[in-house]
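Asker: Residue numbers (this note's numbering): 2 to 226.
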Amino acid sequence: MIYLVEDDDNIRELEEYALRSGGFDTKSFANGSDFFAACREELPDLVLLDIMLPEEDGLQILRRLRADPSAGAVPVIMVTAKTTELDVVKGLDLGADDYIPKPFGVMELISRVKAVLRRTERTAAPEPETVLSCGEIRMDDKQRVVTAGGSVCELTYKEYELLKLLLRNQRLVLTREKILQSVWGYSFEGETRTVDMHIKTLRQKLGTSGSLIRTVRNVGYKIEA
């Protein structure tokens, strides 16, 4: 089941037609309130989410969704007319799995949906470890809580996933390209500023424990006590 959150009737009808033609069942919503009410009844396999919406915008809805322990893993594709680099990065940083700018083609939409579903199915198996640590950094992945020196760290979705990747690969050097592919699912055509920016903010939020994240010159990053 795919949920569509779109207040434009014409675009919503196009999405419904495309997905049903591709063999998917759909439910449509014009606002976040109706969407979350439906999620409490049944979680979707994927969400197509517009940014410009009444009440809450799409980024606020995505932030709420990712903070929900029961629904946080549902894959989300942002579908929006806002296509600046900042908007793209903001949506991906909050946990979007893909981004489709309007206008879009029917075949492109179906292809993107199938690609995200394949990718999330491959990574759906639960990890054996739910508590990870390095020095005074502790991550309870089941509760999605990170502490450093006993203090809770408020991380964005991507900062959390970045830290988890580092903790699961302690003492191993991860290239910027590897981090981009693992955390964001994109190569960004070799662009690595996104990784450096998130490493910087992650270090700041971890306080003195941020120094455990080491820069490996001209290669990437690693974490070790």
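All C-beta atoms in this analysis are idealised placements derived from N, C-alpha and C, irrespective of residue type, glycine included.
Keep in mind it's a predicted model, so treat the numbers as computed, not measured.
Can you tell me the Cβ-Cβ gap for ILE52 and ASP46, rounded? I've got them flagged as a contact below 8 angstroms.
Answerer: Incorrect: roughly 21 angstroms between the Cβ atoms, too far for contact.
Asker: Candidates GLY23, GLU122, LEU181 and GLY33: which alpha carbon is nearest PRO76's?
Answerer: GLU122
Asker: Output the distance between the C-alpha atoms of PHE37 and GLY24, rounded to the nearest integer angstrom.
Answerer: If you take the alpha carbons of PHE37 and GLY24, they lie about 24 angstroms apart.
Asker: Between the alpha carbons of VAL114 and ARG218, how many angstroms are there, rounded?
Answerer: 38 angstroms
Asker: Considering only their Cβ atoms, is the gap separating TYR161 from VAL147 smaller than 8 angstroms?
Answerer: yes
Asker: MET53 lies in the alpha helix (DSSP H); which residues open and close that run?
Answerer: No residue range can be given for MET53, since it is assigned to no alpha helix (DSSP H) and is classified by DSSP as neither H nor E.
Asker: For a test of the three-state rule: what should DSSP assign to LYS103, helix, strand or coil?
Answerer: coil
Asker: So what does TYR222 bridge to, in DSSP terms?
Answerer: LEU175 and THR216
Asker: Return helix, strand or coil for ALA149, following the three-state DSSP convention.
Answerer: strand
Asker: Note down the Cα distance separating MET198 from GLU42, rounded to an integer number of angstroms.
Answerer: When the Cα atoms are used, MET198 and GLU42 turn out to be separated by approximately 38 angstroms.
Asker: Assuming LYS28 is part of the beta strand (DSSP E), what are its boundary residues?
Answerer: Membership of LYS28 in the beta strand (DSSP E) is indicated by the continuous run 27-30.
Asker: First and last residue of the beta strand (DSSP E) that includes MET79?
Answerer: Following the DSSP letters along the chain, one finds MET79 inside the beta strand (DSSP E) bounded by residues 77-81.
Asker: Taking all protein chains shown into account, do 16 or more other C-beta atoms lie within 10 angstroms of the C-beta of GLY92, making it buried, or fewer, making it exposed?
Answerer: buried
Asker: What is the rounded straight-line gap between the Cα of LYS103 and the Cα of LYS223?
Answerer: 38 angstroms
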